[in-house]
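In the working numbering, the protein residues as written are 57 to 137. These notes are about the structure you will find just below.
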C-alpha cells in the first residue's frame, strides 16, 4: 500500500492523519506522565517518542499552549486545592 493510500484510509477510519494522531497520542501520554511522575521532562520526551527534549517542548507548547514544566506546576497546584 502506498503512503498516500495508507494516509487516506487512516484518515477515513480515524478522522485524522497518522501524524496528527500520533502527535496527539504522545501529548496525552506525556501529560499523564507529567502529572503522575516526577520524571524529568527529557526522560518523558524520550519515553513518548521524541529524540530531543527541545523538539518535545516545541510540540507540547504548540499543542497545549504552555511548556511541559508549566503544565506540571499548574496541574500539581490544582491537585493541592
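Ideal Cβ placement from N, Cα and C applies to all residues, glycine included. Predicted model only: the values in this text are computed from it and were never measured.
Consult DSSP for residue i and reduce its assignment to one of helix, strand or coil.
{"i": "residue 107", "result": "coil"}
{"i": "residue 95", "result": "coil"}
{"i": "residue 1", "result": "Residue numbering for the chain in the displayed model covers 57 to 137; residue 1 lies beyond these limits and cannot be assessed."}
{"i": "residue 135", "result": "helix"}
{"i": "residue 121", "result": "coil"}
{"i": "residue 63", "result": "helix"}
Taking the alpha-carbon positions, what's the residue i to residue j distance?
{"i": "residue 99", "j": "residue 130", "result": "20 Å"}
{"i": "residue 79", "j": "residue 72", "result": "11 Å"}
{"i": "residue 118", "j": "residue 57", "result": "32 Å"}
{"i": "residue 125", "j": "residue 97", "result": "7 Å"}
{"i": "residue 90", "j": "residue 60", "result": "35 Å"}
{"i": "residue 64", "j": "residue 70", "result": "10 Å"}
{"i": "residue 74", "j": "residue 68", "result": "11 Å"}
{"i": "residue 77", "j": "residue 132", "result": "27 Å"}
{"i": "residue 94", "j": "residue 88", "result": "11 Å"}
{"i": "residue 106", "j": "residue 62", "result": "23 Å"}
{"i": "residue 170", "j": "residue 109", "result": "Shown here, the chain extends from 57 to 137; a query on residue 170 therefore has no answer."}
{"i": "residue 112", "j": "residue 120", "result": "12 Å"}
Measure how close the beta-carbons of residue i and residue j come, nearest whole angstrom, since I'm counting them as under 8 Å.
{"i": "residue 85", "j": "residue 104", "result": "5 Å"}
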